[in-house]
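Chains as they are written, first to last, in UniProt numbering: chain A, 1 to 456; chain B, 1 to 276.
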Amino acid sequence: MLIKNLFKSKNSKLLQVTFRFYSKGTVSKHYDVVIAGGGMVGTSLACTLGKNTKLREKRVLLLEACPNKAWGNPEKYSNRVVSINPSSQKLFSDLGAWKFIEKHRFAPVKQLQVWDALSDASVTFGNAESQEIVSYIVENDLLLAALTEEVKNCDNVNVLYNAKVTKYGLPDYEGNIVNITLDNGDEYTCDLLLGCDGVNSSVRKSMQADYVSWSYNQMGVVATLKLKECMKNEIAWQRFLPNGPVALLPLTDELSSLVWSTSPEEARRLLSVTEEEFVEALNKAIWSKYSSSIIVQQATSIFDTFLRVLNCSKSEKNNVPPTVKSIEPNSRAAFPLGFGHSSQYIGKGVALVGDAAHRVHPLAGQGVNLGFGDVACLSNTLGEAVYDGSTINDLSYLRNYEKDRQRHNIVTMAGIEGLHRLYNTDLTPIVLLRSLGLQATQALEPLKRAIVSQAS
Amino acid sequence: MHFGIAFDMSIVLRRTPLWSCLHKSLSSIGATVDKQEIENFEKITDEWWSQFGPTKGLHSLNKLRVPFVRDGLVNEGVVSKEYLNTSAPLKGLSILDVGCGGGILSESLSRLGANVTGIDANSRIIDVAKKHAEKNCLQINYCSTAIEDHSQQYNGCYDAVVASEIVEHVTEKDKFVEACARCLKPCGSIFITTINKTFWANLLAVYVTENILEVVPRGTHQVEKFIAPHKLQRLLEDNNIRAKLIHGMVYNIVTNRWSWCSNISINYALHGVKLK
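So this is what it looks like as structure tokens:
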């Protein structure tokens with residue numbers, strides 16, 4: 001009886017495999033998990049799933065539309081950098097990818113200084129004198145290279161470059177299998193499709209998920225900056241200008257990376273002017289005094305005195321932002337900024353991760369960290385599903401992922417959105433309120449700690 | 001008032017001795033099997049694998065009972081260290097799922113690497129289970145038989161016996177427990193989840209779920225067949241099995257989620273170990 005049964009089920013397995021291989025006369029392969037998109041989030045997900053002991057038996061395929069670009073260890077810094085918060089950094093050191101980054105280069109940020117161009121109010125997070133690190137600045141290319149290197153150590157993960165997907169066939173009510181068609185005719189099937197294909201996610205589109213989005217009518221201008229005076233460069237600076245925030249992120253003691261959010265017209269102008277004119281405009285943005293209302297000046301100075309009387313205001317030594325000497329030639333670029341959130345992160349046989357599910361303003365440097373948070377949570381959830389004997393695409397487990405992540409992401413996104421709206425105006429009453437708010441935040445250590453813990 | 005009468009009537013009807021006598025005489029497959037029970041479950045054969053059908057409570061119970069079995073076996077030290085935190089922690093262990101139904105629990109245990117045998121007195125449900133396992137490429141040995149017959153042949157064969165949501169459908173519980181115990185190897189574990197014999201169990205697990213909310217088909221449970229944990233423990237002791245722990249379980253009908261609780265007055269789970 002037992003032998004007969006065994007034989008029967010083996011036979012059917014064989015049949016199923018042959019069917020999968022020869023359907024439609026093209027190459028067709030089945031994987032447990034297919035990850036669409038081999039960017040930072042997709043590759044870190046492949047790596048995390050590959051290293052999860054509970055998922056070791058699962059076969060994972062990573063599809064990337066671009067060819068594999070090897071990290072050539074260039075002397076020049078790239079103009080695209082990310083700010084990695086401590087929990088994302090922990091994820092990478094758990095994966096073993098941080099060793100690669102450490103071997104090359106990264107910049108630790110010990111203090112974050114934020115100030116308002118329309119008043120003197122400012123707030124700092126972290127302390128430049130302490131050992132504690134608020135975030136790490138790493139180039140996108142280096143981070144991706146470190147993860148790609150680590151994926152090679154995962155036997156159960158295959159990476160397919162130049163894979164342009166033409167169609168995602170998600171399962172209907174009856175089925176359980178996801179069909180993926182590439183432009184060269186190859187077909188793949190999987191139990192679970194993970195969409196890490198960015199802001200314009202095709203996976204999200206084939207899910208027909210409700211997606212709330214709007215454009216900020218702003219562009220992010222990036223560049224690599226050479227600083228005038230060589231000093232300990234461990235502070236990230238951000239100044240809220242009427243057009244949008246400008247941020248300087250440390251790279252080395254001589255170099256910083258720029259993220260300057262501004263109106264599209266201004267961005268176009270900044271890209272077309274000479275490099276000297278650009279530097280001048282940038283230094284003006286960092287240093288110039290904006291005409292602020294007398295009411296705001298009076299109120300903030302009274303509130304400051306009040307806080308001093310209460311002994312709440314820490315008389316820290318006043319750090320001054322660096323002056324920019326020049327920019328790395330040809331390092332200027334700009335990209336559009338927008339907000340987006342998918343109401344559904346999951347569906348039958350599918351889940352969205354990172355920018356495919358949510359997109360935020362770069363003003364808090366949180367976008368990619370939310371994505372890495374998704375990665376860690378999804379890997380845990382899938383591991384738990386398998387360790388509980390469920391199938392890897394079990395909806396009730398996927399729903400836990402959606403619930404946990406939305407609970408975190410929506411709060412963070414609302415905070416960032418609130419900040420953006422608060423600082424995107426020069427209306428005196430709002431400027432007054434936000435300046436007082438910033439001063440109060442600076443004075444209230446527990447509030448600062450709560451903000452830092454939400455962002456890390 | 002109307003509420004109360006309806007409630008009492010259902011109990012009176014079910015307690016009529018004539019009915020239960022008739023059922024017993026009709027059953028031919030084994031002493032512990034109730035023919036009426038088989039007919040009850042026959043009605044939902046086709047819907048057995050629908051996660052949103054009448055068995056949805058059983059599907060969601062997997063989130064509790066699979067870790068219960070897995071961690072119970074881990075704590076007994078029968079799981080080798082190399083398999084811990086892998087996708088197949090129960091590799092090499094043989095498990096008997098008594099009253100497996102369509103195989104909701106059997107398939108999960110099989111996915112964890114165990115060699116699972118599933119038995120059920122209802123041959124139509126066993127067919128459903130076989131077909132579903134085949135479709136999912138799982139190797140599970142399903143058999144339509146009663147536990148007392150199975151235990152004759154497979155005496156002392158299993159590392160674990162799982163009797164989940166079945167004891168409350170069994171007529172002669174002493175024979176049932178005895179047969180389960182016989183199947184176990186020395187130091188083997190038995191895992192039982194069932195319904196307590198209390199007023200609250202009758203009210204919530206039977207009356208509310210079957211008659212008011214109708215999340216479980218009417219007539220699925222008969223309160224007189226429920227068993228209190230201390231009585232079950234006694235039956236196990238008679239068969240040389242020591243209860244290691246008893247947990248309460250609570251079901252949230254709205255969210256379709258089970259969770260552990262300290263209160264064992266409605267649903268409970270028991271882990272027992274056969275002494276040497």
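Positions of the beta carbon are idealized from the N, C-alpha and C atoms, including for glycine.
Going straight from the alpha carbon of residue i to that of residue j, what length do you get?
| i | j | result |
| --- | --- | --- |
| A/N233 | A/E254 | 8 Å |
| A/I180 | A/E187 | 6 Å |
| A/A163 | A/C190 | 16 Å |
| A/S272 | A/A97 | 38 Å |
| B/E82 | A/C154 | 19 Å |
| A/I101 | A/E150 | 11 Å |
| B/L13 | A/R204 | Residue placement at B/L13 is poorly supported in this model, since its pLDDT is 35, which falls under 50; the coordinates are not used for a value here. |
| A/D388 | B/R65 | 9 Å |
| A/V157 | A/I392 | 16 Å |
| A/K167 | A/H408 | 31 Å |
| B/S106 | B/Q222 | 25 Å |
| A/N73 | A/Q297 | 49 Å |
| A/F303 | A/Q439 | 8 Å |
| B/S265 | B/T198 | 6 Å |
| A/S367 | A/D374 | A quick correction: the sequence has Gly, not Ser, at residue 367 of chain A. Their backbone Cα atoms lie some 11 Å apart in a straight line. |
| A/I346 | A/E275 | 46 Å |
| B/E76 | A/A385 | 23 Å |
| B/L84 | B/L109 | 15 Å |
| A/F21 | A/V34 | Annotation note: pLDDT 44 at A/F21 (below 50); position unreliable, coordinate value reported separately. In a straight line, the C-alpha of A/F21 is about 17 Å away from that of A/V34. |
| B/V98 | B/S164 | 8 Å |
| A/H104 | A/R269 | 35 Å |
| B/T193 | B/S87 | 24 Å |
For residue i, which residues in the same chain have their Cβ closer than 7 Å to its Cβ, ignoring the five residues on either side in sequence?
| i | result |
| --- | --- |
| A/G126 | K110, Q111, L112, E132 and V134 |
| B/T220 | N40 and E210 |
| B/F177 | Contrary to the premise, residue 177 of chain B reads as Val rather than Phe in this sequence. Around B/V177: L235, L236 and N239. |
| A/A356 | G195, C196, D197, G198, S201, V203 and R204 |
| A/G25 | No answer about A/G25 holds up, because its pLDDT of 43 lies below 50 and its placement is not dependable. |
If you run the structure through DSSP and keep just helix, strand and coil, what is residue i?
| i | result |
| --- | --- |
| A/P429 | helix |
| B/C180 | helix |
| A/Y290 | coil |
| B/S262 | coil |
| B/D34 | coil |
| A/Y401 | helix |
| A/S83 | strand |
| A/L14 | With a pLDDT of only 40 at A/L14, under 50, the local geometry of the prediction cannot be trusted, and the value read off the model is given with reservation. Looking at A/L14 - three-state DSSP - the assignment turns out to be helix. |
| A/A163 | coil |
| B/G72 | helix |
| B/A121 | coil |
| B/C21 | Residue placement at B/C21 is poorly supported in this model, since its pLDDT is 37, which falls under 50; the coordinates are not used for a value here. |
| A/Q298 | helix |
| A/F372 | helix |
| A/C190 | strand |
| A/L112 | strand |
| A/S88 | helix |
| residue 297 of chain B | Coverage of chain B is limited to positions 1 through 276, which leaves residue 297 of chain B absent and any answer about it impossible. |
| A/A128 | coil |
| A/V203 | helix |
| B/G57 | helix |
| A/T323 | coil |
| B/A243 | strand |
Apart from the five residues on each side of it in sequence, which residues of its chain come closer than 6 Å, Cβ to Cβ, to residue i?
| i | result |
| --- | --- |
| B/N115 | S94 |
| B/E172 | A31 and T32 |
| B/N263 | G248 |
| B/Y142 | G118, I126, A129 and K130 |
| B/C261 | G248 and V250 |
| B/K111 | The sequence shown places Arg at residue 111 of chain B, rather than the Lys named in the question. None. |
| A/H341 | V212 and H358 |
Tell me whether residue i, by its Cβ, gets closer than 7 Å to a heavy atom of the ligand ADP.
| i | result |
| --- | --- |
| A/E254 | No copy of the ligand ADP appears in this structure; indeed no ligand is present at all. |
| query | Is there contact between the stretch 237 to 257 of chain A and the stretch 77 to 95 of chain A, where contact requires at least three CB pairs shorter than 8 Å? | reply | yes
| message | Could you tell me which whole beta strand (DSSP E) segments of length 3 or greater appear in the stretch 216 to 260 of chain A? | response | 235 to 241 and 244 to 250
| Any chance the stretch 244 to 263 of chain B sits against the stretch 54 to 61 of chain B, with 3 or more Cβ pairs inside 8 Å? | yes
| Are at least three pairs of beta-carbons, each pair with one atom in the stretch 368 to 384 of chain A and one in the stretch 164 to 183 of chain A, less than 8 Å apart? | no
| Is it true that the stretch 83 to 92 of chain A meets the stretch 134 to 144 of chain A, where meeting means three or more beta-carbon pairs spaced less than 8 Å apart? | yes
| said: Runs of 3 residues minimum, wholly inside the UniProt domain "Methyltransferase type 11" (96 to 192) of chain B: which ones carry the beta strand (DSSP E) assignment? | reply: 115 to 120, 141 to 144 and 158 to 164
| For the stretch 406 to 423 of chain A against the stretch 48 to 64 of chain A, are there 3 or more C-beta pairs whose distance is under 8 Å? | no
| said: What ranges does the beta strand (DSSP E) occupy inside the stretch 32 to 86 of chain A, keeping only unbroken runs of at least 3 residues that lie completely in it? | reply: 60 to 63 and 81 to 84
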